[in-house]
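**Student:** Residues in the sequence shown are numbered consecutively from 1, following UniProt numbering.
Beta carbons: idealized from backbone N, C-alpha and C, even for Gly.
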Amino acid sequence: MSIDNLTRDIIAKQVFENNCIATYKHYDVTTIYRMTNEFKETYNNVGFTDPNFYTNYPKNSYSIEIHSRTNAIGLPIFEEVECSQRAHPHPRQSILQINKLVFLKNGLFENNSHIKVNYLPKIWEIKSTSLIGKNCSNVEDEYKDHCINVLEYKYETDKVYINKDLTTILSVLWTADKGRSGLSITYTHTMLSKMDIYINLFNANNTLIHFAKLYKSNDIRTMTFNDIRFIKNQEYKLSFEIKVNNDYYHRGRYNHGYSGFWFGLLRIAESSNYDEEDVRIVYDFEGEPRSFDVLGNNNSGYCLLVLPPTNHLKNPKLFILYNDNITKSMYQKSECLNGGYKLPTMNNCTCPPGFIGILCETACGPNSYGLDCKGVCSMHDHEMCRGMYMCTKFGCTCPPGLTGPLCNIGKGRFGAGCSQFCSPNCNDNMCDQYTGVCTNGCSPEYVLPYCLQKYPYLLNPPELVSNKYNSLEIICDFQSSNVMDEVKNIKLKYYQILYKKLGENKFNNSKIKPIIENSNNTYEILRDLEVDTVYLVGILLITDDGNFNDQDIVYGQFKTSCITPKIDDFNVTLVSGIKSINITWNKINTSINRFECNIFEYLLMLSYNQTQNQLSGVQKIVSNSSNGHNIIDLIPDYQYNIQLFLNTTQGLLSSPIYSAIPLAGNEIKVKDIIAVFENGKIKVFWKLGYKYERYNVMAQPVVNEPVTCILRYKIKRILSCNLQDLENHWTSVTISNKTNYEILDVLPNSQYFVQVYIAEDSSDQRKQMKYILTPTSKPNIAPDLDLENPMYITNSSVFVQWKFDSINCSKLNGLFLTYFVELKEKRNNYLQVKETTQNNILFEDLKSNAQYELKVFIKTHIGYSLEHFLSINFTTKSEILKPVDNFTMYKYDLKNKVIGLRWHYPDNSDLEAFIVSFNGSLDNSFTIHGENDTIIPPIKCSAWPEYFCYTFNVLNGSNNYYTFKIQAKTSYYPQGGLSLSRTFTTTEWLPDLPRNVKIIEMGMTYIKLQWDIPWIFNGALKMFVINIDEISNVDRNKCCAYSDPIEIPFNEEVPSYNYTLTGLRSNSTYSIGVISVTTLSWYSSPARIHNVTTMSEETYQYFI
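1. Counting only the same chain and skipping the five closest in sequence on each side, list residues whose C-beta sits under 6 Å from that of Gly900.
2. Pick helix, strand or coil for Arg221, following the three-state DSSP scheme.
3. Which stretch, first to last residue, makes up the beta strand (DSSP E) that contains Tyr973?
4. Take Val56 and list the residues in its own chain whose beta-carbon comes closer than 7 Å to its own, dropping the five residues that flank it on each side.
5. Who does Tyr852 pair with in a DSSP beta bridge?
6. Rank Glu1053, Ser466 and Ile1075 by C-alpha distance to the C-alpha of Ile1046 and give the top, closest one.
7. Would Ser607 and Val618 qualify as a contact pair, given that the criterion is a beta-carbon distance under 7 Å?
8. Whole angstroms are fine: how far does the CA of Gln751 sit from the CA of Leu773?
9. Nearest CA to the CA of Asp672: which residue from Pro662, Lys681 and Phe685?
10. With a threshold of 7 Å between beta-carbons, can Tyr852 be considered close to chain E, or not?
11. Can you tell which of Val554, Leu653, Val483 and Asn520 has the C-alpha that lies nearest to the C-alpha of residue 1166?
12. Do the segment 492 to 504 and the segment 539 to 553 make contact, defined as three or more Cβ pairs closer than 8 Å?
13. Report the CB separation of Leu1064 from Thr1005 in whole angstroms; it is logged as a contact under 8 Å.
14. Could you compute how far the alpha carbon of Asp145 sits from the alpha carbon of Pro449?
15. Would you call Tyr62 buried or exposed, if buried means 16 or more other Cβ atoms sit within 10 Å of its Cβ?
16. When the Cα atoms are used, what is the spatial distance from Ser184 to Met388?
17. Applying the 10 Å Cβ sphere with the 16-neighbour rule, what's the burial state of Gly296?
18. Assuming Asn237 and Val172 are in contact, meaning their beta carbons sit under 8 Å apart, how far apart are those beta carbons, in whole angstroms?
19. Do the segment 871 to 887 and the segment 827 to 843 meet, that is, are 3 or more Cβ pairs less than 8 Å apart?
20. Quick check on this structure: which residue in Ala660, Ser423, Lys683 and Arg386 has the alpha carbon closest to the alpha carbon of Tyr771?
21. Check each candidate in Phe414, Asp845 and Ser796 and name the one with the smallest Cα separation from Ser878.
22. For the alpha helix (DSSP H) that contains Glu1098, what are its first and last residues?
23. One question on the structure: do Phe816 and Thr860 come within less than 7 Å of each other, judged by their Cβ atoms?
24. Residues in its own chain within less than 6 Å of Asp552 by CB, not counting five upstream and five downstream?
25. Do Tyr153 and Val261 count as a contact pair if the criterion is CB distance below 7 Å?
26. So, for Asn589: in the same chain, excluding its five sequence neighbours on each side, which residues have a beta-carbon less than 6 Å away from its beta-carbon?
27. Judging by CA-CA distance, which residue of Ile512, Ile32 and Pro121 is the nearest neighbour of Glu65?
28. Could you tell me if Leu192 is buried or exposed, where buried requires 16 or more neighbouring beta carbons within 10 angstroms of its beta carbon?
29. On the DSSP letters alone, give me the boundaries of the beta strand (DSSP E) that Val46 sits inside.
30. Could you tell me whether the segment 962 to 980 touches the segment 904 to 918, using the rule of 3 or more Cβ pairs below 8 Å?
31. Quick one: Cα of Tyr523 to Cα of Phe595, how far?
32. Considering only the beta carbon of each residue, do Leu1021 and Phe1050 sit closer than 7 Å?
33. CA-CA distance, Leu812 and Glu853?
34. Give every residue of the same chain whose Cβ lies closer than 6 Å to the Cβ of Cys949, excluding the five residues on either side of it in the sequence, and list them in chain order.
35. Alpha carbon to alpha carbon, what distance is there between Asn960 and Glu1001?
36. Comparing alpha-carbon positions, which option in Trp585, Trp1082, Ser1068 and Ser576 lies nearest His1090?
Here's what the structure looks like:
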């Protein structure tokens, strides 16, 4: 008997004390659902994960296999779940129970006499815990909270004495039922635990054959002990011993209260050899097939619950229990590929079936699966892993490169369920659907086959050893610690140095040189460089396959050396100005000695120290010139010290200190500004005075002194538009030796803002400001015709709509009042005048076929301009619309409440529709014009192209008389023209006979007829009937055979109909009649053709 039954037996003793117990199958087992060959096609798009899978596929269409390749040979723990909280309180049937039935059938029965367990029940208890080892409390739904059951050691109830180093808490004595290689223990031992747990394994001679300590982790883990080599039918003993920390002993024994979950057992099992695969195939369901669960599905956030047939439930049911919290609590976002995931506190990726590797990056291929990729899907090349659904402890997926409901479709992607995309670094984005290998190669810096890893590059730039005037000596570090080498099996072969001046685009390349093995550092010298110049220097690594990564090169910045320039005389000159000092110096030329350092900055140090006035300070000034600088905004009559510094890469070069005193000058200001409007201009006048004058002392007239003023102005607001301030720029004008200026092209009815100030003094507090409002004038703009709303002209009226763009409101030159409109008849100059505030006008009672001119002016509070207006010339329509003619009701069907009308109207390009009035109620398929009016489109008849037809659905079909009135409608006659009214009776009568019956083709035994549609149906036409009578034959003995009437259904209204009479006799004379028939079996008179003789054989051969 397998030892894994141990934990099942222990838990089974307490299983009935709980209402609902669910177990979490934490084993390295792959469960494969395999479709048989004849069921590889999807039925109704139902797949493995669909709830109705069982009902759509018969029992012989699939098989279930449990594959184990690592540490789980025995059956895991399972039990039937009874839970009163569920919507369907029926026992849960799991696939493992089905598997057990197969084992029992084949004689693999349990034998409890081969196993003995020693433990104290009071110190062990079934405990519900979460996947990461935390306690679960008040669990209402184990599926929702995803808790599992463990056998918890109750340390607070046990007595452990201090004089005992190790205390046994559980021991197992069993007989091995099969030769195995090792032992696996699935448990949880949290980091909160204050005790250490050890296991001892003894053979039948009580000899210790294995000793180990169970590691702590806030996760459920399985420890596997290999190379034990159990012998079949030999007896073994496994014991669990604990040792508690000394801090938790009190009065000689351990007696500590409960402080949380510490240790629990899930499973103890013998484990197989690593290369051994143990497969349990489940396909015999004994009569009625049993449904099964899809194990896992945690990634989808739901699990499947199957209820088997019972007395209350005749058909098996499959329920989906959704759980949005499963993925949130179990899985973390990580770098794992192909659907792999990481549990909390775990570092390695857990891979889905068919993938291996640290990151689950390697696919097993088209016919392999398993943790070691040694599992084989099929022995047939055309099958491989198609039609297989693989499930492990944490989820299910299709094999790599396959997807679809039955996992038998390739989609051009790769990975588990074809859910992975090719690496973005694959050329053409193409990769192998099973493995993800880039089939068309990689981007230059990436390594085949997956194009996920880059070719090596140095982490740090080269180091500078020495720099000279024209060269740089560097050291290249090729140690492994300085190489970013993502691919371990690729070796470095060569290197090349790339360098360029800072700011240039193109790199210079050194010669390619080999990398010497076991030589960590290599020295290189870059020659023929420029003096005092910064260079970017990097190293390109070339691998043994000839490829390289030039995108991740790390560059260093190194500068060549230079000689400090030698300057004997700066030749500095200072000139004092009004509140300014101008300093000049000789331009320094470093090209005389090509090794001299470049001067990259000129600095002026300005200082003053006036102790008696308590003024002191220093200012550093950077000059943009290489030979001079003007320092302004200084205080007159104060002494300033100035020193020149030249900044080079070797340091600063300084001149002697020079002194100068700025001049005071006569400072002038603008005052008494005046602005007036005259002749369309704004004239601005101002006066000049001394800045510090008192008692309004006037300055002397400035005529011969060079005084420059700045006048600037802008429009603040346009009152013709609104009172909002405009966001516009200033217009500035420089004025020399004048105290007046004229602003031209000003806008009427606008407020201008004017400022004047001395050019050398632009501080805001000293500006003279003035507002002026320009006078109004007549508008110099006209409205535009609104093309989106065209004019509407009839024989007696005109409607015109225009628009005025508010952007042009500045041209109103005043306050808008109305639109002034003139309408003049050109024949007699008769003038009509109207005013309106709207942007449209209507003139009525006009003469027909008369020419008019319409003018629209904009009128403000001071009038309108005769020079600016909108002008429109038009001619009124000549007459009112004519009535329709030939108005008739050509069909009616009282059963279906249908009436068909037909009428004629002369061609008119302006025709838009017809207005139909009716004394009853019609459907509302088209626009309702009036209470009993309907507007219908001008639709030509399909059978009479020169006429208009329309079929009405009459809501009240019980009347015998209907009155219709119809009139044409155009855009300029929206109410319609002259009308025509007719009253029709719906009493059915004989229909008109078919018109223009004729023969269009004839042979020896056939005649092809054609006839036109009847003019009036007098009801609803049902069919045409053709009567044919043989009236003579060459052979009198054969004459005058009888022919049945031929009925031709009436399906559509077309101008003419064709029919071919067959089975006639050659050289015989016939009389043919065509009759119209209504739905109430009213027959028209026949339209006949007499004496029609078919061809004789001689005649027929002649024409052929």
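**Tutor:** This is what the structure holds:
1. Tyr890, Lys891 and Thr951
2. strand
3. Taken as a continuous stretch (DSSP letters only), Tyr973 belongs to no beta strand (DSSP E), as it is neither H nor E.
4. The identity of residue 56 in the sequence shown is Asn, whereas the question assumes Val. Cβ neighbours of Asn56 beyond the five flanking positions: Tyr43, Asn44 and Val46.
5. Glu825 and Phe874
6. Ile1075
7. yes
8. 4 Å
9. Phe685
10. Considering every chain present, this structure includes no chain E. It has just one protein chain.
11. Residue 1166 lies beyond the residue range present for the chain, which begins at 1 and ends at 1104; the question has no answer from this structure.
12. yes
13. 5 Å
14. Model confidence at Asp145 stands at a pLDDT of 40, short of 50, so the residue's coordinates are unreliable; what they give is reported in the following sentence. Computed Cα separation, rounded: 42 Å.
15. buried
16. 29 Å
17. A caution first: Gly296 carries a pLDDT of 36, below 50, which makes its placement in the model too unreliable to give a value.
18. The amino acid at residue 237 is misidentified as Asn; the sequence shows Lys. Indeed, because the Cβ distance is near 7 Å, the residues count as touching under 8 Å.
19. no
20. Lys683
21. Ser796
22. Glu1097 to Phe1103
23. yes
24. Tyr457
25. Residue identity differs from the one stated: residue 261 is Phe in this sequence, not Val. No, the pair does not count as a contact, with Cβ atoms beyond the cut-off.
26. none
27. Ile32
28. exposed
29. Looking at the DSSP string, Val46 is not in any beta strand (DSSP E), and its letter there is neither H nor E.
30. yes
31. 25 Å
32. yes
33. 24 Å
34. Arg902 and Cys941
35. 44 Å
36. Ser1068
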